[in-house]
Ligand code: PEP
Ligand code: MN
């Protein structure tokens, strides 16, 4: 059964509850979700759930009807995300694992590693212990192979996966490898499952050639019951009467597993088909069907590969596969995961003062020094923060994702000109980044020129298009001035300074004028003085935890049926959750379909919010929390 805990449960109440359930014979596993904490009570013990329901600190009790418990959706509603090095597997991302069937030499694996990384793979595969049908075939390099794989992983910045075939090898694999693979032939080697599960590391469990989906989930249960929380399932083809392909790749297993289990499901189109030219179409089909990723065999010289050459992709075929997956991802509302280049040296940081003593916080913003974004940045962060100017909004996201900056700041909406859709779209494309804070600042525009210039000298005005459009009332008075869009307000001031022409002016902040030692010809030229821009702070969610958030930003699309938006609003109204914003946007890649952006206040009693989210998940499609933060 699943025991959902009250948000206000006392530590002593929780302990009593655990003792009570353990005395009944249950094994207890605690899961702290984003919205609620649950206890999974696993065991085949008949009992009246009401006995648990009445205990203090219990919000509700849900029975698990499936024979697999920890692996079931009944046990855990949210998708499991498996952290592997610097990336995550599962959720709104697609992870591509690639590499040779077997590690053949140090040089071979190093070459393939760089090549697949270059094309966009996020994890490196390579077998060192190969379970072969014939004892005379190449059996793998053993420990030497694992060493080479680790070296290649480190050299390319990719985490690694390799197949473990014996319980005697667990220590060795723990030393070298990030994800342990249980091969199809060992799916029901229960002693191996128990031992590997007990390591607590991520495990990829491949479906046996004659295993049902239920068999697969029962084997996953072995792994989960023995310690690990991180199992990745993998469909790799099953035996059927068909002989054209090596196996029959069961694509329908993907939506079936997605419904039954919270675990990520991968597809191996290489072993699934056994034929190189079938790997690309089946790989794309798997991603389209909802797979969380692929594991693909790639070789620099497949024709002389020591194992599985005929199904190994040539480098250029893999590159094409990655390009096609990149094109498919937005249609599915997903992002292809890439490992960050560097990680912040500060490591995990908690709270809104996310910095260790003696270390400066790096925050990226779009534009030049003294841009409005930088003003907002310094109003949110302490003075001893390093602001990092970046050319494009996407660069701000990338720098945070890749760990070159700890956080980023981006504008989301302006009271006069509305939402900055590009940034909303980027928030969706970077699911690993979350909003952790917000800052709204008043935008006061100024006409700025060279110190020697007067208003009568001006012929041209440079600024960001947003700024130009916010000052139309003033600019309309000078119909002869040429209005020239520039990528950044502060950058425009720097530009006219460099040009040194008294006929040029720029529209920017007072700070930008001061920064470049220019003259402010006219202050406050914005058409409407109620000109505010709301900025949000983005960060990798694992490094920043916001204590007691009071605002949340959500995005979802409604189910395609009458009254579906009304149903959503009804949920919020019934729970008395204050809505701050509601806006619709076309879904990129899905013509005529809309998604909705909603900002809400998080009630003091957090459980009201999480209960509302539970209902909303049923009433919407693809609900995502862009962030929970302090307004
Ligand atoms: C492999 O991935 O190297 C492999 C042998 O796959 P499977 O266990 O699915 O046959
Ligand atoms: Mn192989």
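Residue numbers (my numbering): 1 to 631. Cβ coordinates follow ideal geometry from the N, Cα and C atoms, glycine included. This one's a predicted model, so the numbers in the text were calculated from it and none came from an experiment.
| Straight-line Cα distance separating residue 585 from residue 591 | Along the chain shown, one-based indexing puts residue 591 at 591. Along the chain shown, one-based indexing puts residue 585 at 585. Computed Cα separation, rounded: 11 Å.
| task | Please indicate yes or no: does the CB of residue 102 lie closer than 8 Å to some heavy atom of the ligand MN? | result | Here residue 102 corresponds to residue number 102 of the chain shown, with the count starting at 1. Yes, since a heavy atom of the ligand MN falls inside the 8 Å radius drawn around the Cβ of residue 102.
| query | With respect to 8 Å, is the separation between the Cβ of residue 114 and the closest non-hydrogen atom of the ligand PEP below this value? | reply | Translated into the one-based positions of the chain shown, residue 114 becomes position 114. Answer for residue 114: no, Cβ out of range of the ligand PEP.
| task | Using DSSP bridges, identify the partner residues of residue 32. | result | Counting from one through the chain shown, the residue named residue 32 turns up at place 32. Bridge partners of residue 32: 37.
| query | Quick one: Cα of residue 366 to Cα of residue 604, how far? | reply | Counted from its first residue, the chain shown places residue 366 at position 366. Counted from its first residue, the chain shown places residue 604 at position 604. Spanning the two alpha carbons is a distance of roughly 34 Å.
| message | So, with DSSP's three-state summary, where would you put residue 132? | response | The count along the chain shown starts at 1 and reaches residue 132 at position 132. Reduced to three states, the DSSP call for residue 132 is coil.
| said: Any heavy atom of the ligand PEP closer than 8 Å to the beta-carbon of residue 232? | reply: One-based indexing of the chain shown puts residue 232 at position 232. No, the Cβ of residue 232 stays beyond 8 Å of every heavy atom of the ligand PEP.
| message | If distances are taken between C-alpha atoms only, which option among 238, 193, 218 comes closest to residue 209? | response | Position 209 of the chain shown holds residue 209. Ranking 238, 193, 218 by Cα distance to residue 209 puts 238 first.
| field | Contact between the region 551 to 566 and the region 507 to 520 (3+ Cβ pairs under 8 Å) | value | no
| What are the boundary residues of the alpha helix (DSSP H) that includes residue 189? | In the chain shown, residue 189 corresponds to position 189, counting from 1. Run containing residue 189: none; DSSP gives neither H nor E here.
| task | In the DSSP assignment, find the unbroken beta strand (DSSP E) run with residue 540 in it and report its ends. | result | Counting from 1 along the chain shown, the entry for residue 540 is found at position 540. Taken as a continuous stretch (DSSP letters only), the beta strand (DSSP E) holding residue 540 covers 532 to 540.
| What residues come near the ligand PEP, if near means a beta carbon less than 5 Å from any of its heavy atoms? | 127, 183, 184, 206, 236, 271
| query | How long is the line joining the alpha carbons of residue 364 and residue 370, rounded to whole angstroms? | reply | The residue labelled residue 364 in the question sits at position 364 within the chain shown. The residue labelled residue 370 in the question sits at position 370 within the chain shown. If I take the Cα positions, the gap works out to 13 Å.
| request: For residue 88, I'd like the list of residues in its chain whose CB is within less than 6 Å of its CB, leaving aside the five on either flank, ordered along the chain. | output: Within the chain shown, residue 88 is the residue found at index 88, counting from 1. Cβ within range, chain order: 81.
| In angstroms, rounded to a whole number, what distance separates the CA positions of residue 55 and residue 570? | As a first step, residue 55 is located in the chain shown; it is residue number 55 there, counting from the start. As a first step, residue 570 is located in the chain shown; it is residue number 570 there, counting from the start. Computed Cα separation, rounded: 31 Å.
| request: Mind checking who residue 519 pairs with in its DSSP beta bridge? | output: As a first step, residue 519 must be located in the chain shown, where it is residue number 519. BP columns for residue 519 point to 449.
| message | Measuring alpha carbon to alpha carbon, tell me which residue in 532, 395, 576, 296 is nearest residue 95. | response | Walking along the chain shown from the start, residue 95 turns up at place 95. Considering only alpha carbons, the answer is 296.
| Near the ligand MN: residue 297 beta-carbon under 8 Å from a heavy atom | Position 297 of the chain shown holds residue 297. Within the cutoff, so yes.
| Is the closest heavy atom of the ligand MN to the C-beta of residue 308 under 8 Å? | Walking along the chain shown from the start, residue 308 turns up at place 308. Yes, Cβ of residue 308 sits closer than 8 Å to a heavy atom of the ligand MN.
| query | Do you know whose CA, among 224, 67, 383, 501, lies nearest residue 457's CA? | reply | As a first step, residue 457 must be located in the chain shown, where it is residue number 457. Answer by Cα proximity: 501.
| request: Please indicate yes or no: does the CB of residue 311 lie closer than 8 Å to some heavy atom of the ligand MN? | output: Here residue 311 is taken as the residue at index 311 of the chain shown, counted from 1. Yes.
| message | On the DSSP bridge list, what partners appear for residue 504? | response | Against the chain shown, residue 504 aligns to sequence position 504. According to DSSP, residue 504 bridges with 460.
| Paired residues, beta bridge with residue 366 - DSSP | For the purposes of this step, residue 366 is taken as the residue at position 366 of the chain shown. Note: residue 366 sits in a beta bridge opposite 390.
| query | Should residue 474 and residue 493 be called a contact, given that it needs their Cβ atoms to be closer than 9 Å? | reply | Translated into the one-based positions of the chain shown, residue 474 becomes position 474. Translated into the one-based positions of the chain shown, residue 493 becomes position 493. Cβ distance not < 9 Å, so residue 474 and residue 493 don't count as in contact.
| request: Count the other CB atoms, across all protein chains shown, that sit within 10 Å of the CB of residue 68; report buried if there are 16 or more and exposed otherwise. | output: Taking the chain shown and counting its residues from 1, the one referred to as residue 68 is at position 68. Residue 68 is buried by the Cβ-count criterion.
| said: Could you compute how far the alpha carbon of residue 193 sits from the alpha carbon of residue 225? | reply: Numbered from its first residue, the chain shown carries residue 193 at position 193. Numbered from its first residue, the chain shown carries residue 225 at position 225. Going by the C-alpha atoms only, they are around 10 Å apart.
| message | So for residue 93, helix, strand or coil by DSSP? | response | What you label residue 93 is simply residue 93 of the chain shown in a count that begins at 1. Looking at residue 93 - three-state DSSP - the assignment turns out to be strand.
| request: Could you check if residue 376 is buried or exposed, using at least 16 other CB atoms within 10 Å of its CB as the buried criterion? | output: In the chain shown, counting from the first residue as 1, residue 376 sits at position 376. Buried: at least 16 other Cβ atoms inside 10 Å.
| What residue does the alpha helix (DSSP H) around residue 308 start on, and which one ends it? | Translated into the one-based positions of the chain shown, residue 308 becomes position 308. First-last for residue 308: undefined, no H or E at that position.
| task | Report the rounded CA-to-CA distance for residue 351 versus residue 545, giving the unit in angstroms. | result | Mapped onto the chain shown, residue 351 falls at position 351. Mapped onto the chain shown, residue 545 falls at position 545. Summary for residue 351: the model assigns pLDDT 37, below 50, so the residue's position carries little reliability, and this model does not support an answer.
| query | For residue 189, which residues from the same chain have a beta carbon less than 8 Å from its beta carbon, with the 5 sequence-adjacent residues on both sides left out? | reply | Reading the chain shown from its first residue, position 189 is the one you call residue 189. Correct list, in chain order: 182.
| When you compare each of 30, 103, 99 to residue 125 by their alpha carbons, which one comes out closest? | Mapped onto the chain shown, residue 125 falls at position 125. The residue with the shortest Cα to Cα distance from residue 125 is 99.
| I think residue 431 touches residue 91, with their Cβ atoms under 8 Å apart; what is that distance to the nearest whole Å? | As a working note, residue 431 is residue 431 in the chain shown. As a working note, residue 91 is residue 91 in the chain shown. Contact flag correct, Cβ pair sits at about 6 Å.
| query | For residue 240, which residues does DSSP report across the bridge? | reply | Within the chain shown, the letter at position 240 stands for residue 240. Paired residue(s): none; residue 240 is not in a bridge.
| task | State the Cα-Cα distance for the pair residue 337 and residue 508, rounded to the nearest angstrom. | result | In the chain shown, counting from the first residue as 1, residue 337 sits at position 337. In the chain shown, counting from the first residue as 1, residue 508 sits at position 508. Residue 337 and residue 508: Cα-Cα distance of roughly 37 Å.
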